[in-house]
Structures are given as structure tokens and as C-alpha cells.
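Have a look at the structure below, then the notes.
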Amino acid sequence: MIEEVAEDILLVLLVHNVENKEGWVGKDYLGIKVGEDIDDALSFLEENGFIEIKEGNHFRITKNGISYILDRV
12 MIEEVAEDIL
22 LVLLVHNVEN
32 KEGWVGKDYL
42 GIKVGEDIDD
52 ALSFLEENGF
62 IEIKEGNHFR
72 ITKNGISYIL
82 DRV
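If you're matching positions, the sequence shown starts at 12 in the working numbering and goes up one per residue.
So this is what it looks like as C-alpha cells:
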């Protein structure tokens, strides 16, 4: 379950990255887009180096995250 939510988060971050030239995404926006409890998935993504976190509630995908999600789809 965590991996599915993590993949959904990475897809949202990837699209945002492409549309906004590596802009940061707020946690509230992620919660709306993904529609599930995202805290465990965000921890998983951070621990694996797939996302960067700024000020505790803004996120963006890393190169490792892009590689991970592209391998999964």
C-alpha cells in the first residue's frame, strides 16, 4: 500500500516538475491530488532519496525519484 501511494506521489511531483521547472509542491496539494494518507509514503520516499523536503511541508522529486518512477511505469 505504501508503495502504491508513493508512486502516486512521485507521479504528481514528476508532472509538477515538468510543468513548473522543478518547483516545490505543498503537502496540502499532494494530499488533495493523491487523496490518501501520505505521511508514511513521504517518509519512505525521503528515506530512499526519491524526494527533497523544504521547510517540512514542501516537496519535489529528485533524479533518483524520476528514475524510480520511470522504471515502475
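Backbone N, C-alpha and C define an ideal beta-carbon position, used for all residues, glycine too.
For E18, the first and last residue of its enclosing alpha helix (DSSP H): The count along the sequence shown starts at 1 and reaches residue 18 at position 7. Its alpha helix (DSSP H) spans residues I13 to N31.
query: Contact check, E83 vs L24 under 8 angstroms by CB: the rounded distance?
result: Against the sequence shown, residue 83 aligns to sequence position 72. Against the sequence shown, residue 24 aligns to sequence position 13. Correcting the residue identity first, residue 83 is Arg in this sequence and not Glu. Not really, about 14 angstroms apart at Cβ, beyond 8 angstroms.
- request: Sort out for me which residues DSSP pairs F70 with in a bridge.
  value: Mapped onto the sequence shown, residue 70 falls at position 59. Looking at the DSSP assignment, F70 forms a beta bridge with V36 and I64.
query: For W35, which residues from the same chain have a beta carbon less than 7 angstroms from its beta carbon, with the 5 sequence-adjacent residues on both sides left out?
result: Numbered from 1 along the sequence shown, position 24 holds the residue referred to as residue 35. Only K65, H69, F70 and R71 meet the Cβ criterion.
- prompt: Just the Cα atoms here: how many angstroms apart are L21 and E33?
  reply: Counting from one through the sequence shown, the residue named residue 21 turns up at place 10. Counting from one through the sequence shown, the residue named residue 33 turns up at place 22. Going by the C-alpha atoms only, they are around 13 angstroms apart.
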